[in-house]
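>
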Amino acid sequence: MDTLTNKIKISIQGVTKVFPSKRADVMALKNLSLDVMDGEFVVIVGASGCGKTTLLNLVAGFDSASQGQILLDGQPVIGITPECGMIFQQYALFPWKTVQDNVEFGLKMKRIPKAERQEQAARFIDMVGLKGFEKSFPHHLSGGMKQRVSIARSLANDPKVILLDEPFAALDAMTRQVLQEQLVRIYEKHQKTIIFITHSIDEALLLSTRIVVMTARPGRILQEIVNDLPHPRNADVQLSDRYMELKRMIWVSVQAEVMKSIEEETV
Amino acid sequence: MDTLTNKIKISIQGVTKVFPSKRADVMALKNLSLDVMDGEFVVIVGASGCGKTTLLNLVAGFDSASQGQILLDGQPVIGITPECGMIFQQYALFPWKTVQDNVEFGLKMKRIPKAERQEQAARFIDMVGLKGFEKSFPHHLSGGMKQRVSIARSLANDPKVILLDEPFAALDAMTRQVLQEQLVRIYEKHQKTIIFITHSIDEALLLSTRIVVMTARPGRILQEIVNDLPHPRNADVQLSDRYMELKRMIWVSVQAEVMKSIEEETV
Amino acid sequence: MNTKNSSNLALISIVSLVFFLAAWEIYCRMGFIEPLFMPAPSKILSRAIKMLNNWSLLGHTLASTRRVMVGFIVSSLVAIPFGIFLGSSRFFMAVFDPFISLLRPLPSMSWIPLSLLWLGITETQKYSIVFMGSFVPSLLYIIEATKNIDPLLIRAARNLGASEVDVMREVILPGALPQIIAGLKVMLGIAWTCVISAELVAAREGLGFMIMNGKEYFQTDTVLLGMVMISVTVMITDLVFRKFEKRLLPWTL
Amino acid sequence: MNTKNSSNLALISIVSLVFFLAAWEIYCRMGFIEPLFMPAPSKILSRAIKMLNNWSLLGHTLASTRRVMVGFIVSSLVAIPFGIFLGSSRFFMAVFDPFISLLRPLPSMSWIPLSLLWLGITETQKYSIVFMGSFVPSLLYIIEATKNIDPLLIRAARNLGASEVDVMREVILPGALPQIIAGLKVMLGIAWTCVISAELVAAREGLGFMIMNGKEYFQTDTVLLGMVMISVTVMITDLVFRKFEKRLLPWTL
Amino acid sequence: AAGKPEKVTVVYGGSSWIGHYPVWVGIEKGLFKKRGLGVLFQSFYASSGRMGSLVAGDLDVACTGSISAIALMAAGNKGFMAFGTPDSYATVEGVIAREKIKRLEDLKGKKLAVPFASSAHVLVLDLLEQIRLDPEKDLTLVNLQVNEMPAAMASGEIDACAAWTPNFNMLLKMPGNHLLADDTQFSLYKKYQLGPGPDLLVVRKEFAEKYPNTSRLFVEGYFEAVDMLINQPKESAEVLVKLTNLSMEDQMAVQKDIKWIRGAEQKALMLQPGQFVKGMQLLAEFLVKHKQIDAAPAVKDWIAADMVP
Ligand SMILES: Nc1ncnc2c1ncn2[C@@H]1O[C@H](COP(=O)(O)OP(=O)(O)OP(=O)(O)O)[C@@H](O)[C@H]1O
Ligand SMILES: Nc1ncnc2c1ncn2[C@@H]1O[C@H](COP(=O)(O)OP(=O)(O)OP(=O)(O)O)[C@@H](O)[C@H]1O
Ligand SMILES: [Mg+2]
Ligand SMILES: [Mg+2]
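Residue numbers (this note's numbering), protein chains in the order written: chain Z, 3 to 269; chain C, 3 to 269; chain E, 131 to 383; chain B, 131 to 383; chain W, -6 to 302.
1. At the 8 Å Cβ level, is TRP381(B) part of the contact set with chain C, yes or no?
2. Under three-state DSSP, which class holds GLY146(Z)?
3. Against chain C, with Cβ distances strictly below 8 Å, would ASN278(B) count as a contact?
4. Could you tell me the alpha carbon to alpha carbon distance between PRO220(C) and LEU57(C), rounded to whole angstroms?
5. In the structure shown, what three-state DSSP assignment does ALA153(W) receive?
6. On the premise that ARG150(C) lies in contact with LEU181(C), defined as a C-beta separation below 8 Å, what is that separation, rounded to the nearest angstrom?
7. Rounded to whole angstroms, what is the Cα-Cα separation between GLN225(W) and TRP253(W)?
8. Judging by CA-CA distance, which residue of GLY(-4)(W), ASP80(W), ASN140(W), ARG91(W) is the nearest neighbour of ALA153(W)?
9. Where does LEU290(E) fall in DSSP's three states?
10. Anything in chain W within Cβ reach of LYS345(E), meaning under 7 Å, just list it in chain order.
11. Under the criterion of a Cβ to heavy atom distance below 7 Å, does LYS278(Z) qualify as lining ligand 1?
12. Output yes or no for whether 8 Å exceeds the beta carbon distance between PRO15(W) and ALA218(W).
13. So what does LEU165(C) bridge to, in DSSP terms?
14. Quick one: is GLU98(W) buried, meaning 16 or more other Cβ sit within 10 Å of its Cβ, or exposed?
15. Taking only the alpha-carbon atoms, compute the straight-line gap between MET3(Z) and GLN179(Z) and give it to the nearest angstrom.
16. Measuring only between beta-carbons, confirm whether ARG212(Z) sits less than 8 Å from chain C.
17. If you run the structure through DSSP and keep just helix, strand and coil, what is TYR5(W)?
18. From LEU236(B) to GLN69(C), what does the alpha carbon distance come to, in whole angstroms?
19. Run down chain Z in chain order and give the residues with a C-beta less than 7 Å from the C-beta of LEU378(E).
20. Taking the beta carbon of ALA261(W) as the centre, do at least 16 other beta carbons fall within 10 Å, making it buried, or is it exposed?
21. ILE144(B): buried (16+ other C-beta within 10 angstroms of its C-beta) or exposed?
22. In angstroms with no decimal places, state the Cα-to-Cα distance between GLN255(B) and PRO302(W).
23. Determine the extent of the beta strand (DSSP E) in which ALA171(Z) is found, giving its start and end residues.
24. What are the residues in the region 298 to 313 of chain E lying within 9 Å of chain Z by C-beta distance?
25. Only counting the same chain, and skipping five residues up and downstream in sequence, which positions put a Cβ closer than 6 Å to that of LEU166(C)?
26. My understanding is that ALA209(B) touches PHE265(B), with C-beta atoms under 8 Å, so please give their C-beta distance in whole angstroms.
27. Closest to ILE82(C) by C-alpha separation, out of LEU290(B), ARG220(B), GLY319(B), would be which residue?
28. When you compare the CB positions of SER9(W) and PRO159(W), do they come within less than 8 Å of one another, or not?
29. Taking Cβ to Cβ, would you say MET111(C) is nearer than 8 Å to ALA49(Z)?
30. To the nearest angstrom, how far is it from the Cα of GLU231(W) to the Cα of TYR215(W)?
31. Which residues in the same chain as PRO276(E) place their Cβ atom closer than 7 Å to its Cβ, once the five residues preceding and following it in sequence are excluded?
32. How would you call LEU369(B), buried or exposed, if buried means at least 16 neighbouring beta carbons within 10 angstroms?
33. How would you call GLN77(Z), buried or exposed, if buried means at least 16 neighbouring beta carbons within 10 angstroms?
34. Check whether the Cβ of ILE142(E) lies closer than 8 Å to any Cβ atom in chain Z.
35. Inspect the CB distances between the region 234 to 248 of chain B and the region 341 to 348 of chain B and report whether three or more fall short of 8 Å.
36. Is the Cβ-Cβ distance between GLY12(W) and ASP220(W) less than 8 Å?
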């Protein structure tokens, strides 16, 4: 894609993450390395429990690696960094704030004056198609609308990188599709770097510029696939041969890893 | 399929369901008619909120229709009937009972002696691949394992009809696939009549003998498609032309209804 | 539940209450029970009218209400900031934990002897009983509320650039508010218990005094009237509090 | 939280308690405070040893514990079946609702005058105070627990052929049990409050009597010792209850 | 000529107050035992608790302050009867003040502790009326039990208090305290030699009717103990210190101030209608005047004539 440059935005270097526990320590990630270029849309797929969320938490600075390091624009990530905006599956909206106030939150933290942040928030609320809902509390919105608020909130804060952890998993298939299309539009317009986690291979193919398949726990990179499907990725593309080929390829490698982890679970 | 006979098992005749409410009454179903043959595997798809769960609740006798009637083997369904075993998305296992006791529950209600019901339960626990977990409490099981217990519990009660309301929606894609295969195996072996609700067109195509598409609310039947894909519906079948054709066909009709309901939501 | 159904249920409740009162009245009139042990409702009513006329009923009720309010408000004002602080600092929680554990099981009543020694028979002593009785439980509620905040929300706030202090003000306080208020509602009930205790032992006004004094003069009707007044006053405070709660928590509507 | 971290926190708690006791002791020894108002911890300890030697400390503690247990057990035995019944019948809930609403706000203390009139200064009177103080709140907890049962579980049971009675026994009772037990744990604390109240006003033994009597003889150390004993005894009862709880609810482990 | 007792155990409600000395002496000196009776001495702080227990059936006989008895009569309870009065006292109950308060008039604006609904309360109301002070406005009455008064006086929390023995004696001994007024200044005492709360012996009506022999034997034993208190004060005091926790010296002093009333004198006081009963009636009317009870009962209706010795 034309927005891709050759600058490395995020560099994950030999990261290992161990969770200490009373019984036995859990090694979630083992010596994982991955570079994400500026403007890439990387989708990570992998079996449940393979360490995807853990990896994203490390990038956002919520947690620190047991070994190895993560560089953002060449600087090691130490604490929580607002430069990596996170979008959670459970939306994580502030229930006591209206849509408007939720979207303004990041700007308020930057101590931007009221008038200015109102204006900016309004722009992003409009962008995600929620004009008219500014005064609503999250409680009154449907799942899809909540996730749109959460996207607007993140965008309003203008992060360089957006991290999404199965953002659409809780939505029904149809709402999900609408949001996927909106996300692609935003990505194309704002030239963000995106790391996106999903369980759905279709979703991965629909959105990504590159797909990363992780192994079963402890998570490492199993395979990387550059997604060269043409845009827009409409129904025609989804029924094309290249799509089928890519899907089969990913299917096979994910399948093997899933079997490993399911066997582990049931035995 | 060879298990299909020409006997009508369930006959839904001109059913309307209105939920009274303080503001405005909600009409969930409107004059819906549908016949399900003995041994059919009917999958119902439709936009969120179109009344699928409502319909299933009427069939199981949890609720009664505002107009019209439902016949099971020619007899009107009046109260809750154990002849239609229901499998819920949220599993609905009794948390205070072990796997064994959960599976035995229906038999205990029939006052079958302890020894006999232990033996029967063991058979079904084995069938869903949970041998060795008899003494576990649901709390300790993964989502996929819980849903398997719930299936075993229903089967042990030997219902004529099994109703499933998005049973696999809460599971990750990989676990879901394993359970889909198990369900097909059980269906083929035990010759049950099945009504299955899902949001996933892939799931519908993988499982059904017939697919019913519902309209947006108030729910009616929009389209019925006989699923003539060959068995087993492995990866090859899923990448076949006929599969693509059916998928596209359903996609288009569901899409239109979804758009109606999403527009309604956001406006 | 639809409207018709719920008004039906209210009707059942009213019928049931009326029936009970009538049965009680008749039972007493028939002389099955000594008025000393259980006076008829009509006796209680006439006592109420008498005490309303000389303003003493209102006086007792207001005295108790004032004590509850002062003790409760002071204890909330201390408990809320302190509870939020303890709930968000594991170190200070550990420092104060042994004292909280020791104070928690102590009924407000058990402070009466000590408070009498320290403060004498003053209004402050009454307030202190209400304070001691409601402070520790309030504190525990508030600590709990603070700890129960979804850590995801804290993460989200930090991820959007909030500092530790911002998180405290913007996330922990409003996030814990519904539970804090629910806790305070319970505490208000406990505060009433405390005040009645305090008044039973050394007081010259208040509903607790009224029922204790009624007992001294074998006026069982005064005792029962006092109890009814406690019920009614608590119910009214509760109602007022609930109105207030809705105002404070618009997003939960 | 890992093991090392949590043992660190326990250490902080212990250090904090020891430090506080030492400061208190030194403050008293320096004569900054009159022993009448606040005796040193060592004084309280020596009082404890004295009272342990003549068994009176144990006697008071056992007297109170016995009263709590009898009142509490009787009230639970009545409240559990009645609460489950009311929680599953909307009609009878409506019938009893006005009485529950009226009785709910009444502190156990307010029953003291009436119970003295009815029962005199007997052990039964003490039990009745504990009963009245813990019955209505227990009942409310149990009704709430019964109503909170996931209706999906009831549907599932009916769908598997359970009758109404089966549902009551197989679903409602075990389903409400964790919440019932949590409620009873709270009630046990309330029962302690009640017994101390009852003993402060009219008793010859028990921890409530001990602190009231200590105050009369200006033995502030006895007062404080009594309070410490209440704390410790409640904590021990709580611990025992928790063990018992784990036994009853194996599936929540 | 007395028959055998129908019931061998009598439950008696008492306290450390002087009115209960005869029963205590009777028990300790075996005066009931030799009549085949066992007497169970149950302690109560306040008369009201004792009277409540009596009519609830937990006690058979009790001695009570007459305020409680009158209140119970006013409440319409017919479950008990009076059959005598053991003593007349006037100097073991009174108002004690700190140094700075010289006269009753100095109480204005001060805090005066008194157990509400007691004889001391009645005394205080009467004294205040005599000097025209309004108990609601001119000073603060603090509702306090007598056993808590020493602490409250010591801490300076109250300026004066109204109490009875044995706390009365303890309070008087505390440095800086002095007597302001005692029952001799009570208006009815000045006219009729009647204190604000004379002691009254009461019996549960059902008990008296069902067990006439037991009742009579108890009365006999009781007044023998009264005689012993008069004739052998020292021996009596030796057993009484166990009840009162006073020193031997204080105990003797308390007893000196009491005028015991012998069995033979009871008829004149209690019957047709009797001096004492007339006084009680006046007291009842006094209580009505001070809004402590609603209406005055006819006291003579509550006399158990059969039991008066
Ligand atoms: N805080 C924690 N403490 C202990 N173990 C943890 C913690 N967080 C995650 N783990 C473990 O680390 C492993 C990886 O977890 P993670 O949540 O990253 O998986 P995931 O790939 O996101 O799974 P899913 O697809 O189900 O979301 C799991 O085995 C999990 O149990
Ligand atoms: N008990 C009820 N009271 C009032 N309205 C109800 C009730 N149950 C369902 N509805 C309404 O009826 C409509 C259909 O609901 P239903 O749950 O059957 O939809 P659904 O097709 O199962 O949706 P989903 O795919 O989201 O599960 C919805 O608009 C819903 O709000
Ligand atoms: Mg995850
Ligand atoms: Mg549904």
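Cβ atoms here follow ideal geometry from the backbone N, Cα and C, with glycine treated the same way. Because the structure is a prediction, the values reported are computed rather than measured.
Reading from the atomic positions:
1. As a position in the fourth sequence, residue 381(B) is number 251, starting the count at 1. Yes, TRP381(B) counts as interfacial toward chain C.
2. Position 144 of the first sequence, counting from 1, holds the residue named residue 146(Z). In the structure shown, GLY146(Z) sits in a helix (DSSP, three-state: H, G or I).
3. Translated into the one-based positions of the fourth sequence, residue 278(B) becomes position 148. Contact with chain C is absent for ASN278(B), since none of that chain's Cβ atoms lies less than 8 Å from the residue's Cβ.
4. For the purposes of this step, residue 220(C) is taken as residue 218 along the second sequence, with counting starting at 1. For the purposes of this step, residue 57(C) is taken as residue 55 along the second sequence, with counting starting at 1. For PRO220(C) and LEU57(C), the gap between their C-alpha atoms comes out near 11 Å.
5. Taking the fifth sequence and counting its residues from 1, one reaches residue 153(W) at position 160. In the three-state DSSP reduction, ALA153(W) falls in the strand class (E or B).
6. Reading the second sequence from its first residue, position 179 is the one you call residue 181(C). Reading the second sequence from its first residue, position 148 is the one you call residue 150(C). Right, the Cβ-Cβ distance comes to about 7 Å (below 8 Å), so this counts as a contact.
7. Here the question's residue 225(W) lines up with position 232 in the fifth sequence. Here the question's residue 253(W) lines up with position 260 in the fifth sequence. Distance between the alpha carbons of GLN225(W) and TRP253(W) is about 13 Å.
8. Here the question's residue 153(W) lines up with position 160 in the fifth sequence. When each option's Cα is compared against that of ALA153(W), the closest is ARG91(W).
9. As a first step, residue 290(E) is located in the third sequence; it is residue number 160 there, counting from the start. Per DSSP, reduced to three states, the secondary structure at LEU290(E) is coil, with no helix or strand assignment.
10. Counted from its first residue, the third sequence places residue 345(E) at position 215. SER41, listed in chain order.
11. For chain Z, the structure presents residues 3 to 269; residue 278(Z) sits outside this window and is missing.
12. Here residue 15(W) refers to the residue found at position 22 when the fifth sequence is read from its first residue. Here residue 218(W) refers to the residue found at position 225 when the fifth sequence is read from its first residue. Closer than 8 Å, so yes.
13. The sequence position of residue 165(C) within the second sequence is 163, counting from 1. For LEU165(C), the pairing in a beta bridge is given by DSSP as MET88(C), ILE197(C).
14. Taking the fifth sequence and counting its residues from 1, one reaches residue 98(W) at position 105. Counting Cβ neighbours within 10 Å, GLU98(W) comes out exposed, since fewer than 16 surround it.
15. Translated into positions along the first sequence, residue 3(Z) becomes position 1. Translated into positions along the first sequence, residue 179(Z) becomes position 177. Residue placement at MET3(Z) is flagged as unreliable, the pLDDT there being 46, under the threshold of 50; a coordinate-derived value is accordingly withheld.
16. Sequence index remark: in the first sequence, residue 212(Z) carries index 210 (1-based). For ARG212(Z), the answer is no, since every Cβ of chain C falls outside 8 Å of its Cβ.
17. Working through the fifth sequence from its first residue, we reach residue 5(W) at position 12. Strand.
18. In the fourth sequence, the residue the question calls residue 236(B) occupies position 106. In the second sequence, the residue the question calls residue 69(C) occupies position 67. Spanning the two alpha carbons is a distance of roughly 50 Å.
19. The residue you call residue 378(E) lines up with position 248 of the third sequence. The premise fails here: LEU378(E) is roughly 10 Å from chain Z at the closest Cβ pair, so nothing lies under 7 Å.
20. Along the fifth sequence, read from residue 1 onward, the residue named residue 261(W) stands at position 268. Looking at its Cβ environment, which holds fewer than 16 other Cβ atoms inside 10 Å, ALA261(W) is exposed.
21. Position 14 of the fourth sequence, counting from 1, holds the residue named residue 144(B). Answer is exposed; the Cβ neighbour count stays below 16.
22. On the fourth sequence, residue 255(B) is found 125 positions in, with the first residue counted as 1. On the fifth sequence, residue 302(W) is found 309 positions in, with the first residue counted as 1. So the alpha carbons of these two residues sit roughly 36 Å apart.
23. As a working mapping, residue 171(Z) is identified with position 169 in the first sequence. Membership of ALA171(Z) in any beta strand (DSSP E) is not indicated, and neither H nor E is assigned to it by DSSP.
24. Those residues of the region 298 to 313 of chain E that come within reach of chain Z (Cβ to Cβ, closer than 9 Å) are GLU300, VAL301, PRO304, GLY305, LEU307, PRO308.
25. Counting from one through the second sequence, the residue named residue 166(C) turns up at place 164. ILE89, PHE198, listed in sequence order.
26. Residue mapping note: residue 209(B) aligns to position 79 of the fourth sequence, counting from 1. Residue mapping note: residue 265(B) aligns to position 135 of the fourth sequence, counting from 1. That pair is a contact at about 6 Å.
27. Counted from its first residue, the second sequence places residue 82(C) at position 80. ILE82(C) has its Cα closest to that of LEU290(B), out of LEU290(B), ARG220(B), GLY319(B).
28. Translated into positions along the fifth sequence, residue 9(W) becomes position 16. Translated into positions along the fifth sequence, residue 159(W) becomes position 166. Remark: C-beta atoms of SER9(W) and PRO159(W) approach each other more closely than 8 Å.
29. Here residue 111(C) refers to the residue found at position 109 of the second sequence. Here residue 49(Z) refers to the residue found at position 47 of the first sequence. It is not a contact, given that the beta carbons lie outside the stated cut-off.
30. Taking the first residue of the fifth sequence as 1, we reach residue 231(W) at position 238. Taking the first residue of the fifth sequence as 1, we reach residue 215(W) at position 222. Using only the alpha carbons, I get a separation of about 18 Å.
31. Position 146 of the third sequence, counted from the start, is the residue given in the question as residue 276(E). What sits at residue 276(E) in the sequence shown is Thr, not Pro. GLY213, ILE214, GLY217, SER218, ILE302, ALA306, listed in sequence order.
32. Here residue 369(B) refers to the residue found at position 239 when the fourth sequence is read from its first residue. LEU369(B) comes out exposed.
33. As a first step, residue 77(Z) is located in the first sequence; it is residue number 75 there, counting from the start. Of the other Cβ atoms in all chains shown, fewer than 16 fall within 10 Å of the Cβ of GLN77(Z); this residue is therefore exposed.
34. On the third sequence, residue 142(E) is found 12 positions in, with the first residue counted as 1. Among the residues facing chain Z, ILE142(E) is not included, as its CB has no counterpart in that chain under 8 Å away.
35. The region 234 to 248 of chain B is not in contact with the region 341 to 348 of chain B.
36. For the purposes of this step, residue 12(W) is taken as residue 19 along the fifth sequence, with counting starting at 1. For the purposes of this step, residue 220(W) is taken as residue 227 along the fifth sequence, with counting starting at 1. Taking a C-beta distance under 8 Å as the contact criterion, GLY12(W) and ASP220(W) do not qualify as a contact pair.
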